[in-house]
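Since the structure comes first, as structure tokens, the remarks are kept for the end.
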Amino acid sequence: MSNTRFNALKADAHWQQVWDDAKTFAARDDSPKPKSYVLEMFPYPSGRIHMGHVRNYTMGDVLARYRRMKGMEVLHPMGWDAFGMPAENAAMEKGVHPGGWTRDNIATMKAQLKRLGFALDWTRELATCEPDYYGHEQALFLKFYEHGLVYRKESAVNWDPVDMTVLANEQVIDGRGWRSGALVEKRKLSQWFLKITAFADDLLSGVKALEHWPDKVRLMQENWIGKSQGLTFRFALSASVGGADTVEVFTTRPDTIFGASFVAVAADHPIAQAIAANSPEAAAFIERCKQGGTTAAELETQEKLGFDTGITANHPFDPAWQLPVYIANFVLMDYGVGAVYGVPAHDQRDFEFARKYGLPIRRVVSDGAKDAPEFHEDEAYSGPGTVVNSHFLDGMDIEDAKREVIRRAEDGGWGEGATVYRLRDWGVSRQRYWGTPIPIIHCAACGVVPVPADQLPVVLPEDVSFATPGNPLDKHPTWKHVACPTCGGEALRETDTLDTFADSSWYFIRFASQPKDKPFDKAVAESWLPVGQYIGGVEHAILHLLYARFWTRALNHIGMIDVSEPFTGLFTQGMVTHETYKSADGRWLAPDDVRDGIEIATGAAVTLGRVEKMSKSKKNTVDPTGIVDQYGADAVRWFMLSDSPPERDLPWSEAGIEGAWRFVQRLWRLFEGAGAGEGADTALDRKLHQTIAGVAADIEALSFNKAVAKIYELANAIEKAAPSASRDNAIRNVMLLVAPMVPHLAEEAWAAAGGTGLIADAAWPAVDAALLVEDEVTIAIQVNGKLRDTLVLPKGQSKEAIEAAALASDKVIRILEGKTPKKVIVVPDRLVNLVA
RNA sequence: GCGGACGUGGCGGAAUCGGUAGACGCUGGAGACUUAAAAUCUUCUGCCAUUGGCGUGCGGGUUCGAGUCCCGCCGUCCGCACCA
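Taking the working numbering, the leading residue of the first sequence gets 2, the next gets one more, and so forth.
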């Protein structure tokens, strides 16, 4: 071979064409090989891919290619999460059609992804905005409806006044819309809900068992589901309010029932509403509660406020004991039953409330030191202890007391043990055009009528106008007018569309099996699922993953698939970050505008800001396509895998990509340097086999940065080694080791070296276990725990021999000054510690 | 406030079981090659210093031995948030 430079642009295009033509990465359903499903979260077609996509898909690609080399049939598909608001925003701002905008973006981004040489099965590409996807989703929605997992209710919803749509609770962050950032209002609308709460307990126990998920994500899911166990019971009221003689409350601390000082209901509780109907003061108070801010800072400082209704509640264990009933601003209607009883000594909010309104504060749990009923501490005590001042509960541990109170409530028929979840049912109705139409028809005579299966898909009309705010489907002249499938009379289509999280809740099943006539084939889908390794951003740790887990369970529940957890392995990768730059007058500057700390346009010095996630607002983005054109796909891929552990942030740098490019060239020179060497080099053989085993383990653990470091070490060792047959063999094996990471270079080298077929189809090199073990070891010699010398000895020496060798060391002799060590610790093949 | 993660050279990081801290890369220095530059190659690069000493956020502890284990702080980041 001659000494040439690796022409990345030429090689990239050539091998991408070869893989495409041969359909190298098309997954075969009928393959006899063990199957493996590797999936990265599919992108929203926003316009162009960004570095985050490149990092995400490179990681999955390395794993997919590695598993193919290990002899597995790998499903590694790609598609488009193509419905959503940005398309409508583009329509409104630029006057383009959401469909055209989306499909153009898909074409652009697909070309960008192809340019990176990902081992994707493009034959299974799907876009959620096409009827051949969302039509099947409509069919699934109707199946859920048939099985009672979908219901409609009039409910107060979170209305985003900017996006003019309803948001799920999960999409409201600190009282603001998750996309628009606008303050969310409450509105009453008829909405479709999916019964995710029916699976709350199952989703919770399931997540605990997902051992290949990050602990962090498991915990986030657990907290989101938020299971609490306690007691619901009814207080008898001194007067009937709105037809009710009792008020129901929920507590997780029934053990503190004798410490109760008051009862409090939420501002929108029916009792509060009934009182407000006759009391302007109460109505004014409720209005005031609603105005309270919901941001973190505001909640932190907000005063506990109450309105004394004048009504009292009877303590269940003492008919003579009357507790005042308040309307309180800190009680939430949508958690538990919207009413509580307050125990000021043992709950901080109740404590603050009691102080403000001069209510009794009575100790009923002893922390071991104090047990008098008088409570003079500065904050509530909510820790463990023994129940005191509580009649029949006295002396019990709080856990026993909880059980005792629940038992007595159930026996007395005035309460029952209860489990309450923070999780709410999933409201899926959106007043939006660019989404999956909800396949329902409303008939004045027949009511709610599902669209018959033979009329699916309900296709979105193309001719819509975005001239005025609101849902274009609602304003379309003809689309919603339809004959009732049951009675044939005039009826109206549902004009709401599904939350786009529905689209991403089952796409991984459709990837596995995509028949024309149904959402998926059960047997084929089951042959691929669950996804063994799912990779994506931590921003989807709660919503998307929870909804997909629910959707899969729902399908399981109705017998459509025998899988309940869709993703057995999950990995959340870090972000790609970049330095930020600000000009002297405070403008953000793009990396291209800056050279050597100087703004190119003005010649003025720039301020170096923090390293942050690439974002348009900070102008610190680097477009992948330009970089790929400059350095080739392999250099970009190699940089994405180098240095930073994949779960942490990766700081993009010019120096970093150049280093990666240099290594790609260095590998090429290394590959060219293979010759007709003769003889064995056992040390190099060992290094090679250790590297093969180490890189394999690292890739399996997704520790790409470690795999990269090991490959550097091996390359260093080969370059230093004298020519030998071992060296030539090592070089050939390096091609295989780097093939998942820099596949174009590997194919080029493989072909030049006369390799058989494609390296993409080659087998991962076998490891000779005998060569993993060194025959010599370096032993550390410590005196009093400090390193003083090292010795190279044959592996497996006896303790006595190692000790003797250590004591013979010149340095040791000098430090010991003739004294005999009091104690000698020998760790075979590792170290000797002489304690003087 | 609650929960969690993290803290190692100028930088990204490695150290898988408590056993040689700083692998590997980046940056930087010196040299070779070149008319010159780039590329490439060689070599050095934790800190202080003269033998030697000090070093994994800080302070303690356990141990022959601690980046790793325990206790107490400090800092950074993330999630949730009046959840009864």
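Where is the CB? At the ideal position from N, CA and C, for every residue including glycine.
Note down the Cα distance separating Pro162 from Glu186, rounded to an integer number of angstroms. Translated into positions along the first sequence, residue 162 becomes position 161. Translated into positions along the first sequence, residue 186 becomes position 185. Their backbone Cα atoms lie some 7 Å apart in a straight line.
Distance, Cα to Cα, Ile407 vs Thr253? Numbered from 1 along the first sequence, position 406 holds the residue referred to as residue 407. Numbered from 1 along the first sequence, position 252 holds the residue referred to as residue 253. Roughly 11 Å between the two C-alpha positions.
Buried versus exposed, by CB contacts within 10 Å (16 or more), Gln432: Along the first sequence, read from residue 1 onward, the residue named residue 432 stands at position 431. Burial call: buried.
Starting from Tyr327, trace the beta strand (DSSP E) both ways and give me its first and last residue. Here residue 327 corresponds to residue number 326 of the first sequence, with the count starting at 1. 319-329 is the span of the beta strand (DSSP E), which, as asked, contains Tyr327.
For Thr198, which residues in the same chain have their Cβ closer than 8 Å to its Cβ, ignoring the five residues on either side in sequence? Taking the first sequence and counting its residues from 1, the one referred to as residue 198 is at position 197. Tyr422, Leu424, Arg425, Asp426, listed in sequence order.
Thinking C-beta only, is Phe664 closer than 9 Å to Met736? The residue given as residue 736 occupies position 735 in the first sequence. The residue given as residue 664 occupies position 663 in the first sequence. Result no, Cβ atoms of Met736 and Phe664 do not sit closer than 9 Å.
May I ask you to verify whether the stretch 692-708 touches the stretch 62-71, counting CB pairs closer than 8 Å and requiring at least 3? yes
Would you decide whether Lys787 is buried or exposed? Buried here means 16 or more other CB atoms lie within 10 Å of its CB. By 1-based counting over the first sequence, the position of residue 787 is 786. Classification for Lys787: exposed.
Of the residues Val218, Thr501, Ala128, Ala410, the one placed nearest Phe234, counting alpha carbons only: Taking the first sequence and counting its residues from 1, one reaches residue 234 at position 233. Closest option to Phe234, Cα to Cα, is Ala410.
Contact between the stretch 270-281 and the stretch 444-461 (3+ Cβ pairs under 8 Å): no
Between the CA atoms of Ala767 and Asp686 - distance to the nearest angstrom: Counting from 1 along the first sequence, the entry for residue 686 is found at position 685. Counting from 1 along the first sequence, the entry for residue 767 is found at position 766. Cα to Cα, Asp686 sits roughly 13 Å from Ala767.
Verify the contact flag: Phe376, CB atom, against every heavy atom of the ligand ADP, threshold strictly below 8 Å. Ligands displayed in this structure: none; no statement on the ligand ADP is therefore possible.
Do Asp256 and Ile107 come within 9 Å of each other at the CB atom, strictly closer than that value? For the purposes of this step, residue 107 is identified with residue 106 of the first sequence, where counting begins at 1. For the purposes of this step, residue 256 is identified with residue 255 of the first sequence, where counting begins at 1. No, these two residues do not count as a Cβ contact at 9 Å.
Suppose contacts are defined by Cβ-Cβ distances below 9 Å. Is Trp639 in contact with Val743 by that definition? One-based indexing of the first sequence puts residue 639 at position 638. One-based indexing of the first sequence puts residue 743 at position 742. A contact, by the Cβ cut-off of 9 Å.
Using only alpha-carbon positions, find the residue among Thr103, Met79, Lys144 that is nearest to Lys115. Counting from one through the first sequence, the residue named residue 115 turns up at place 114. Selected option, being the one with the closest Cα: Met79.
Within 10 Å of its beta-carbon, does Pro320 have 16 or more other beta-carbons around it, so buried, or fewer, so exposed? Taking the first sequence and counting its residues from 1, the one referred to as residue 320 is at position 319. Answer is exposed; the Cβ neighbour count stays below 16.
DSSP state of Asp644 mapped onto helix, strand, coil: Here residue 644 corresponds to residue number 643 of the first sequence, with the count starting at 1. In the structure shown, Asp644 sits in coil (DSSP, three-state: anything other than H, G, I, E or B).
Going by the beta-carbon positions, is the gap between His482 and Glu491 smaller than 9 Å? The residue you call residue 482 lines up with position 481 of the first sequence. The residue you call residue 491 lines up with position 490 of the first sequence. Yes, they are a contact pair.
Contact under 9 Å by Cβ, Phe354 with Pro361: Translated into positions along the first sequence, residue 354 becomes position 353. Translated into positions along the first sequence, residue 361 becomes position 360. No, the Cβ-Cβ distance between Phe354 and Pro361 is not below 9 Å.
Ala837 (DSSP reduced to helix, strand or coil): Locating residue 837 in the first sequence gives position 836, counting from the first residue. Residue state, collapsed to three classes: coil.
Is the beta carbon of Tyr535 less than 9 Å from the beta carbon of Met73? Position 534 of the first sequence, counted from the start, is the residue given in the question as residue 535. Position 72 of the first sequence, counted from the start, is the residue given in the question as residue 73. The answer is no: Cβ separation not under 9 Å.
Work out the CA separation of Leu773 and Ala723 for me, nearest whole Å. Against the first sequence, residue 723 aligns to sequence position 722. Against the first sequence, residue 773 aligns to sequence position 772. Distance between the alpha carbons of Ala723 and Leu773 is about 21 Å.
With a Cβ-Cβ cutoff of 9 Å, do Val564 and Glu527 count as a contact? Along the first sequence, read from residue 1 onward, the residue named residue 564 stands at position 563. Along the first sequence, read from residue 1 onward, the residue named residue 527 stands at position 526. Less than 9 Å divides the Cβ of Val564 from the Cβ of Glu527.
Considering only the beta carbon of each residue, do Tyr58 and Pro451 sit closer than 9 Å? Taking the first residue of the first sequence as position 1, residue 58 is located at position 57. Taking the first residue of the first sequence as position 1, residue 451 is located at position 450. Cβ atoms of Tyr58 and Pro451: not closer than 9 Å.
What residues in its chain sit with their C-beta under 8 Å from that of Glu1, if we drop five residues either side in the sequence? Only positions 2 to 837 of the chain appear in the structure, and residue 1 is not among them; the question remains open.
Run through DSSP, which three-state label would Arg638 get? Counting from one through the first sequence, the residue named residue 638 turns up at place 637. In this structure, Arg638 counts as helix in the three-state DSSP scheme.
Which of the three DSSP states is assigned to Glu304 in this structure? Looking up residue 304 in the first sequence gives position 303. Three-state DSSP puts Glu304 in coil, outside helix and strand.
Do three or more CB pairs link the stretch 80-99 to the stretch 127-137 at distances below 8 Å? yes
Got a sec? Which residues, its chain only, sit under 8 Å from Asp522 by beta carbon, not counting five neighbours each side? One-based indexing of the first sequence puts residue 522 at position 521. Residues Ser514, Pro516 of the same chain have their beta carbon placed closer than 8 Å to that of Asp522, with the five preceding and five following residues left out of the count.
Which runs of the beta strand (DSSP E), 3 residues or longer, sit entirely within the stretch 376-462? 416-422, 441-444, 448-451
N-terminal and C-terminal residue of the alpha helix (DSSP H) that Asp22 is part of: Counting from 1 along the first sequence, the entry for residue 22 is found at position 21. Residues 9-23.
Evaluate the contact criterion for the stretch 378-387 versus the stretch 202-211: three or more CB pairs, one atom per stretch, below 8 Å. no
Among the residues of its own chain, which have a CB less than 8 Å from the CB of Ala267, if the five just before and after it don't count? By one-based count along the first sequence, residue 267 stands at place 266. Closer than 8 Å at Cβ, skipping near neighbours: Ala273, Ile328, Ala329, Val332, Leu333, Met334, Gly339, Ala340.
Using 8 Å as the cut-off, can you tell me whether the stretch 572-591 makes contact with the stretch 552-560, which would need three or more C-beta pairs spanning the two stretches below that distance? no
To the nearest angstrom, how far is it from the Cα of Asp475 to the Cα of Thr496? Numbered from 1 along the first sequence, position 474 holds the residue referred to as residue 475. Numbered from 1 along the first sequence, position 495 holds the residue referred to as residue 496. Cα-Cα distance, rounded: 6 Å.
Per DSSP, the bridge partner or partners of Ser367: Along the first sequence, read from residue 1 onward, the residue named residue 367 stands at position 366. Note: Ser367 sits in a beta bridge opposite Thr387.
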